[in-house]
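Here the structure comes first, spelled out in structure tokens, and everything after it is commentary.
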Amino acid sequence: MEVKIALKMQFSACIDTDKFARRPSVSLPFSQKLREQHGHPISCHFQPRRTSNWQKHVASEASGSYRNFPAPILESGSFPPSLDEALILKDKSQEILPYIDGRCIYLVGMMGSGKTTIGKILSEVLGYSFCDSDTLVELAVKGTSVAEIFNLYGEGFFRNKETETLQNLSLMRHMVVSTGGGAVVRPINWKYMAKGISVWLDVPLEALARRISAVGTNSRPLLHHDSGDAYNRTLTRLSNLWKERGDAYANANARVSLEEIAAKLGHRDVTNLTPTVIAIEALLQIEAFLKGENGMDIATL
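The opening position of the sequence shown corresponds to residue -1 in our numbering, with each subsequent residue numbered one higher.
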């Protein structure tokens, strides 16, 4: 599946076609206000919302549906190994999809928290489009990487472009958006994300440091210039960033704590969690938000 947000000369983002099958798309226009602002055509390409025979089979045959258990699986602490995670994920997504009502889902969290991976899974299972706000910023600056933008223009310039991107995305629907780790520091960004549903992927700093240091920090301008061994310098910098951002992440509508999921499932390390299980928990937390928002169970909405 390939998804593109096209802003002539600027916006273009696509998901990993190695993992998801390519599907045809339908081009929908941006609002008149945005077209006037930029002075040229702007369009967004969405997946068609279809129910395949496989999806119908899932809805009718998935014996692992959460509604068939006395408590949510991830809350009960017993995830039956015989159940197919993909079927559970699909069943839960189809159950809550009508109540999301087309609103965009914004994933927030520290760098390396898995926003892109989980975002692609959620977009696929919900029939949404996916985009990465950092990628859109890069394309808005003529393909310049985030690291280069920081070096050439400074963090303030990047944050301004990030805010412009989130403003444009706030005009859209049926999208899962992976935001940059620092997007939460500006209150105006929350104003734009409030038009959708925000989900915080909360990952222990030690796990983030291991993950990031293993792949290198060259592409992460807020980490790359620190001294010391890769793990310790990454952990130190992440800890400092956490002091600046921790309270802001808590503004999200829903929180997905990998530490809590691991504890419920009896894992000692969050690295043992599969992306699918994390995505299931994200849907459960979105469902909890929707219930609180409407003051009743989804089944009675």
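Built from N, CA and C at the ideal position, the CB exists for glycine as well. All figures in this text were calculated on a predicted structure; none of them were measured in a lab.
Excluding the 5 residues preceding and the 5 following residue i in the sequence, name in chain order all residues of the same chain whose CB lies nearer than 8 angstroms to its CB.
{"i": "E136", "result": "T142, S143, V144, I147"}
{"i": "R266", "result": "A260"}
{"i": "S131", "result": "E160, T163, L164, L167, V175, S176, T177, G178, A181"}
{"i": "F155", "result": "I147"}
{"i": "L87", "result": "I119, V123, T274, A277, I278, L281"}
{"i": "L150", "result": "T142"}
{"i": "A252", "result": "I195, S196, V197, W198, A280, Q283, I284, A286, F287"}
Whose C-beta lies closer than 6 angstroms to the C-beta of residue i among residues of the same chain, with five residues either side of it excluded?
{"i": "V201", "result": "S111, L256"}
{"i": "P79", "result": "In this prediction, P79 has a pLDDT of 39, which is less than 50 and means its spatial position is unreliable; what the coordinates show is noted afterwards. Taken in chain order, the list of residues that qualify is empty."}
{"i": "G100", "result": "R171, H172"}
{"i": "A205", "result": "V268"}
Is residue j closer than 8 angstroms to residue i when the C-beta atoms are compared?
{"i": "T232", "j": "I210", "result": "yes"}
{"i": "R184", "j": "R157", "result": "yes"}
{"i": "E122", "j": "T274", "result": "no"}
{"i": "S196", "j": "Y104", "result": "yes"}
{"i": "A277", "j": "I119", "result": "yes"}
{"i": "I94", "j": "E285", "result": "yes"}
{"i": "M173", "j": "S127", "result": "yes"}
{"i": "C102", "j": "G244", "result": "no"}
{"i": "Y97", "j": "L288", "result": "yes"}
{"i": "I116", "j": "L199", "result": "yes"}
Mind checking residue i: buried by the 16 CB within 10 Å criterion, or exposed?
{"i": "D89", "result": "buried"}
{"i": "L124", "result": "buried"}
{"i": "E153", "result": "exposed"}
{"i": "T272", "result": "exposed"}
{"i": "T133", "result": "buried"}
{"i": "G107", "result": "buried"}
{"i": "V268", "result": "buried"}
{"i": "A248", "result": "exposed"}
Please go through the same chain and pick out, in chain order, the residues whose beta-carbon is closer than 7 angstroms to the beta-carbon of residue i, but skip the five residues on each side of it.
{"i": "N187", "result": "T161, L164, A181"}
{"i": "T114", "result": "D130, S176"}
{"i": "Y229", "result": "A207, R208, S211"}
{"i": "S91", "result": "V123, L124, L281"}
{"i": "A246", "result": "V182, V183"}
Is residue i close to chain C? Criterion is C-beta to C-beta, closer than 8 angstroms.
{"i": "G178", "result": "No chain C appears in the structure shown, which is made up of a single protein chain."}
Provide the residue(s) that pair with residue i in DSSP beta bridges, ordered along the chain.
{"i": "I195", "result": "I103"}
{"i": "M173", "result": "S127"}
3 or more residues per run - each beta strand (DSSP E) lying fully within the stretch 223 to 291: 252 to 255
Beta strand (DSSP E) segments (min. 3 residues) lying fully within the stretch 75 to 151: 103 to 106, 127 to 130
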